[in-house]
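Q:
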Amino acid sequence: MSLHPVAGTKLYIGGVLADKATDFVDADFTSQTWVAIDGWEQMGAIGDTAQIITTSLINRGRDIKQKGTRNAGSMQNVFAIVPSDPGQIALIAAEKTVSNYAFKIEFPDKPATGSAPTPSQRLFVGLVTSAQEAGGEANTVMKLNATIEINSNIVPVAADTGD
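Numbering-wise, numbering that gives the first Met the number 0 puts 36 at position 37 of the sequence shown, and it's gapless, one number per residue.
(1) What separation, rounded to the nearest whole angstrom, lies between the Cα atoms of A17 and Y100?
(2) Find out if the Cβ-Cβ distance for the pair K103, G13 is shorter than 8 Å.
(3) In whole angstroms, give me the CA-to-CA distance for N70 and D47.
(4) May I ask you to verify whether the region 72-91 touches the region 106-120, counting CB pairs closer than 8 Å and requiring at least 3?
(5) Assuming the contact rule is C-beta atoms closer than 8 Å, I36 and F78 should be a hit. Round their C-beta distance to whole Å, please.
(6) Could you name each continuous beta strand (DSSP E) segment of 3 residues or more that falls completely within the region 20-54, going from the start of the chain to the end?
(7) Would you give the residue range spanned by the beta strand (DSSP E) that E136 belongs to?
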């Protein structure tokens, strides 16, 4: 297993994609037209965590814990504002709706060999719940803070040589 830097990772927004009762698979995303979101400075966390069900048992004097429903998290991203970027424009427009959108993260791990190498990806759907402009210190650029509330499982797609 090779280590890969975060630098070079890309975030894409697709179109509206409704949630469903079963887990998504990579084939569910094949019809998407992806738009890269430029200016990505900080990648938020993604991935499931389980809710905890706690039952206090009097006779045992102990709380018993169980795993409950799963939640893929709130991906809190920071972008340098690029006003004319189609990806940022789409992200801001998505915040104004109540719809789930398709998202793709593409990592910089494309194999060096093969007939049609492709990098690994993570695919999911989510609600854009915030797209806020923020300042900072004097020697920083204006930022766009955007939160994606992930509403599906995370679909991992492995890097492939294409052979």
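Backbone N, C-alpha and C fix where the C-beta goes; we use that ideal spot for every residue, glycine too.
A: Put simply:
(1) The residue you call residue 17 lines up with position 18 of the sequence shown. The residue you call residue 100 lines up with position 101 of the sequence shown. Annotation: A17 to Y100 spans about 7 Å, alpha carbon to alpha carbon.
(2) Here residue 103 refers to the residue found at position 104 of the sequence shown. Here residue 13 refers to the residue found at position 14 of the sequence shown. Their beta carbons are under 8 Å apart, which means K103 touches G13 by this criterion.
(3) Counted from its first residue, the sequence shown places residue 70 at position 71. Counted from its first residue, the sequence shown places residue 47 at position 48. Distance between the alpha carbons of N70 and D47: 5 Å.
(4) Result no; under three Cβ-Cβ pairs closer than 8 Å.
(5) To locate residue 36, count along the sequence shown from 1; it is residue 37. To locate residue 78, count along the sequence shown from 1; it is residue 79. Between the beta-carbon of I36 and that of F78 there is about 7 Å, and that keeps the pair under the 8 Å contact cut.
(6) Positions of the beta strand (DSSP E) runs, each at least 3 residues long and wholly inside the region 20-54, are given as 39-41 in order along the chain.
(7) For the purposes of this step, residue 136 is taken as residue 137 along the sequence shown, with counting starting at 1. From DSSP, E136 is part of no beta strand (DSSP E); its letter is neither H nor E.
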